[in-house]
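Worksheet for the structure shown next.
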Amino acid sequence: MADDVVVCRGVTRTYQDDAVPVLALQGVDFTVTKGEFVSLAGPSGSGKSTLLNVIGGLDRPDAGGIHVDGVHLNELSESELSDLRLSKMGFVFQAYNLIPVLSASENVEFILQLQGLPAAERAERAQAALDALGVGELAHRRPGELSGGQQQRVAVARAIVTEPVLLLADEPSANLDSNTTEELLALLRSLNETRGVTILAATHDPMVMSFAKRRVQLRDGMIAEDSARVAVA
Amino acid sequence: MPLKLLTQLSCRNLFRHKRRNLMLLSAIVVAVAGVVVLNSLLRGFQYDMQEAAVSNLTGHAKVLAPGYLDDPSIEKSFQLAKDWRPDVADDQLEGWAARIRIPAVIMSERETRGVQFVGVDPQRESISFLGSVAHRGEALQSAADRRVVIGESLAEQLDTDVGRRLVLITQGADGLNREAGFRIAGVYDADGENLEKIFVFTGIERLQALVDAEVVTEVSVKLVGNGAGESSIKDSLAAFFDDLDVLDWQELEPQAAAMFLFADAAMFIWFLIMMGALIFGLVNTLITAVMERIKELGMLRAVGMRPGAVVMQVVMESTLIMAVGVVLGILVGWLFILWLGEGIDLSRWAEGVEMAGMRSLLVPRLFMNDLVLVAGLSLFFGFVASLYPAWRAVKIKPLDALRR
Ligand SMILES: Nc1ncnc2c1ncn2[C@@H]1O[C@H](COP(=O)(O)OP(=O)(O)O)[C@@H](O)[C@H]1O
Ligand SMILES: [Mg+2]
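In structure tokens form, the structure reads like this:
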């Protein structure tokens, strides 16, 4: 369907851990439609990160197909995957992964620089993204001069500044206290509601799940429960 | 490729580890300055060698009768038209001289020695050492001067001096010996004892009269500078004197020519040694810099930076620090050379030095071409040194990096 942002069909990923195969994903069928806010829950080791990574083109499945915004990932080269991530996806990592030698605004701006946008437009959009996340006044500080919550906001600003089709977040609350987590989630929800950003967040934090409109439960590399479906076969 | 971003990242990352990169930078500066200084000293040495060889009555090219080198006698001579002059543009020609140079026996009241008796036109000898050496007494005044000048060492050996008389015996054009007396006009002090012992000069017309023939045994041509365009003058001389031999200074002074090449090789080897040590440090520092940024580089790849841009970032970092180091290194080397100024006095080792045909003052010579070459090659090596670290950087899988 045209509105499907993510389509996974029979996605399988096996890791070779000390010659013992680990079935991280075992034939996942999964679809995310435009404008959804999905939480991907499940115990540690259930395959949440692996699923996010194959959807994000950071990892390749052993079997099965993945389409993101209509593009079949299996057929893309490394460089093409890079370009796709740059143009269509936003990432929020567990560790904020800001570049220490760049200021907050530069940390947001460089993505637009990679996209080749002109300087004036870059500066304007970066500032707007930081403002939207409530850290506009901290634009000139470097990550070392920001608190954990502030850094995560800058990281979210970096993820949304390109207006991605899909925002992928892996344990976005892992390093935040509950107040900051709540603020961040409120923010993600408003991005989802006001801008229609499609969000897929892997988490085992109940608070994150409570903010998502749709909850998907993974177990042993398989989808065990999906609130969008009445029943799972 | 987002070059501006990459430049920004490279610059700032260099500043992130000031101490480490400052140490690397000083190593580059010392190495480059060392190369520049030694280079200029070797060039000075080369220049002196060549200058000594060329002014040793050689010139950049010389016309001789066939067989003269094996048997330098008046029989191996040729005639030269009075109005002849070499076919070389004025701005390239430093000068030329025709001479008779034949073996002779020289006698004072006390001693006898074998020498090279050389008839010259003193006005033309600005191209040889004779034009620049200091004389006690007087230098020869003209081509018709009937007196002789001899070297200081020879004067000592013969136990004679300015104003005294000497007898010279040499073979005339008819094969019979000629003997004549000469008054010593002056005693010259050349840079090598060998020259002083070998060459006795008189006016060329006087020597032509002595051997009874209006001939010369050599025409020597000196070009401006260090003799660029030497092969074309050789060709044009060969075309004019088609029945004579034309030799360049390398052929006439093979030892000096070999030393010249040796100095070239020494410069190159010294450069490679310095660069080798430098590259080792550079590669190490770059690998450290890549390894401590694994997460950052992984993130950049994850959000969509292409592999090529990651390579470029490391290459730029290396090339940048190298470029700064090269500029500073050349500056330091240049200042050091300025400080050396008039040159290094080698007179302490003067004997060995004079034997090698050099002056006792080693003057450094800095050539633009050499600097450009040093700078270019250094940057190239900086680039080469970055390839392995860049490969390590691009091999980083974003996932592995982010999981840490
Ligand atoms: N690079 C890897 N090498 C080996 N095993 C891996 C690798 N990545 C993940 N796994 C394994 O795959 C399974 C799923 O991991 P993951 O997707 O990280 O789970 P989650 O994010 O739900 O905790 C786990 O058993 C984990 O040990
Ligand atoms: Mg995980």
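For the protein sequence lines, the chains are X and P, in the order given. Numbers in our numbering are just positions in the first sequence, counted from 1, shifted up by 63. Numbers in our numbering are just positions in the second sequence, counted from 1, shifted up by 232. For glycine and all other residues, C-beta sits at the position ideal for the given N, C-alpha and C. Because the structure is a prediction, the values reported are computed rather than measured.
How many angstroms separate the CA atom of residue 285 (chain X) from the CA atom of residue 146 (chain X)?
Approximately 29 Å between the Cα atoms of the pair.
Just tell me which of P:542, P:262 and P:349 has its CA closest to the CA of residue 427 (chain P).
A check of alpha carbon separations from residue 427 (chain P) across P:542, P:262 and P:349 identifies P:349 as the nearest.
Contacts around residue 222 (chain X), its chain only, beta-carbon distance under 7 Å, and the 5 residues preceding and following it disregarded:
Within its own chain, the residues whose Cβ lies closer than 7 Å to the Cβ of residue 222 (chain X), once the five positions on either side in sequence are excluded, are 153, 154, 155 and 230, listed in chain order.
So does residue 132 (chain X) have its beta carbon nearer than 7 Å to some heavy atom of ligand 2?
Residue 132 (chain X): no, Cβ never under 7 Å from ligand 2.
Please tell me whether residue 124 (chain X) and residue 74 (chain X) are closer than 8 Å, where the distance is taken between their beta carbons.
A contact, by the Cβ cut-off of 8 Å.
So the beta strand (DSSP E) residue 75 (chain X) belongs to, where does it begin and stop?
Its beta strand (DSSP E) spans residues 67-80.
Residue environment, residue 292 (chain P), which counts as buried when at least 16 other CB atoms sit within 10 Å
Under the 10 Å beta carbon count, residue 292 (chain P) is surrounded by 16 or more other beta carbons and is classified as buried.
So which residues of chain P does residue 79 (chain X) contact, with C-beta pairs closer than 9 Å?
For a Cβ distance threshold of 9 Å, nothing in chain P lies close to residue 79 (chain X): the least Cβ distance comes to about 14 Å.
Please list, in chain order, the residues of the region 528-543 of chain P that have any C-beta partner in chain X closer than 9 Å.
For the region 528-543 of chain P, residues whose beta-carbon sits nearer than 9 Å to a beta-carbon of chain X comprise 528, 530, 531, 532, 533, 534, 535, 536, 537, 538, 539, 540 and 541.
Coil, strand or helix - residue 282 (chain X) by DSSP:
If DSSP states are grouped into helix, strand and coil, residue 282 (chain X) belongs with the strands.
DSSP beta-bridge partners for residue 454 (chain P)?
Paired residue(s): P:327.
I need the boundaries of the beta strand (DSSP E) containing residue 343 (chain P), first residue and last residue.
It is not in any beta strand (DSSP E) - residue 343 (chain P) carries neither H nor E in the DSSP assignment.
Which residue wins for smallest C-alpha separation from residue 117 (chain X), given the options X:268, X:141 and X:99?
For the residues X:268, X:141 and X:99, the minimum Cα distance to residue 117 (chain X) belongs to X:141.
Given a threshold of 16 other Cβ atoms within 10 Å of its Cβ, counted over all protein chains shown, does residue 253 (chain P) qualify as buried or as exposed?
Residue environment analysis places residue 253 (chain P) among the buried positions, since at least 16 neighbouring C-beta atoms fall within 10 angstroms of its C-beta.
So if DSSP puts residue 93 (chain X) in a beta bridge, which residue, or which two residues, is it bridged to?
Beta-bridge pairing links residue 93 (chain X) to X:71.
Assuming residue 615 (chain P) is part of the alpha helix (DSSP H), what are its boundary residues?
That run of the alpha helix (DSSP H) goes 600-627.
CA-to-CA distance, residue 279 (chain X) to residue 295 (chain X), given in whole angstroms:
Any reading at residue 295 (chain X) needs caution, since the residue's pLDDT is 42, under 50, leaving its predicted position unreliable; the model's value is listed next. A straight line joining the alpha-carbon of residue 295 (chain X) with that of residue 279 (chain X) spans about 11 Å.
Figure out for me which residue from P:474, P:449 and P:565 has the closest Cα to the Cα of residue 262 (chain P).
Residue 262 (chain P) has its Cα closest to that of P:565, out of P:474, P:449 and P:565.
For residue 269 (chain X), which option in X:244, X:250, X:288 and X:253 has the closest C-alpha, if you only look at C-alpha atoms?
Answer by Cα proximity: X:244.
To which residues does DSSP link residue 268 (chain X) through a beta bridge?
Partner(s): none; residue 268 (chain X) has no beta bridge.
Supposed close pair residue 387 (chain P), residue 437 (chain P) - CB separation, criterion 8 Å
About 24 Å separates the beta carbons of residue 387 (chain P) and residue 437 (chain P), which is beyond the 8 Å limit, so they are not a contact pair.
Residues from the region 179-193 of chain X in contact with chain P, defined by Cβ distance under 8 Å:
Answer in chain order: 179.
Just checking residue 509 (chain P) against ligand 1 - is the residue's beta carbon closer than 7 Å to any of the ligand's heavy atoms?
It does not: the Cβ of residue 509 (chain P) is nowhere closer than 7 Å to a heavy atom of ligand 1.
Taking only beta carbons into account, state which residues of the region 248-277 of chain P come closer than 8 Å to chain X, listed in chain order.
Cβ contacts with chain X: 248.
Relative to the C-alpha of residue 612 (chain P), which candidate in P:488, P:330, P:602 and P:550 has its C-alpha closest?
Cα-wise, what sits closest to residue 612 (chain P) is P:550.
With a threshold of 8 Å between beta carbons, is residue 630 (chain P) in contact with chain X?
Yes, residue 630 (chain P) counts as interfacial toward chain X.
Could you name the residues, in chain order, whose CB is less than 5 Å away from a heavy atom belonging to ligand 1?
Cβ-based neighbours of ligand 1 within the cut-off: X:78, X:80, X:85, X:87, X:107, X:108, X:109, X:110, X:111, X:112 and X:113.
What three-state label does DSSP hand residue 438 (chain P) in the structure shown?
Residue state, collapsed to three classes: helix.
Taking the beta strand (DSSP E) that residue 555 (chain P) belongs to, which residues open and close that run?
Where residue 555 (chain P) is concerned, there is no enclosing beta strand (DSSP E), although the alpha helix (DSSP H) it sits in stretches over 539-572.
Neighbour list for residue 624 (chain P) in chain X, Cβ cutoff strictly below 7 Å:
None at all; the shortest Cβ gap to chain X is about 17 Å.
Closer than 8 Å at the beta carbon, the chain X residues around residue 640 (chain P):
Since the first and last residues shown for chain P are 233 and 636, residue 640 (chain P) lies out of range.
In three-state DSSP terms, what is residue 310 (chain P)?
It is a strand residue.
Measuring alpha carbon to alpha carbon, tell me which residue in X:108, X:121, X:238 and X:95 is nearest residue 275 (chain X).
Checked all of X:108, X:121, X:238 and X:95; the closest Cα to residue 275 (chain X) is X:95.
Assign residue 250 (chain P) to buried or exposed, taking buried as 16 or more other Cβ atoms, counted over all protein chains shown, within 10 Å of its Cβ.
Classification of residue 250 (chain P): exposed, given that the 10 Å Cβ count is below 16.
Got a sec: is the Cβ-Cβ distance from residue 552 (chain P) to anything in chain X below 8 Å?
Closer than 8 Å: no.
Check whether the region 433-450 of chain P touches the region 377-384 of chain P, taking contact to mean three or more Cβ pairs, one atom from each stretch, closer than 8 Å.
Judged by Cβ distances under 8 Å, the region 433-450 of chain P makes contact with the region 377-384 of chain P, as three or more pairs qualify.
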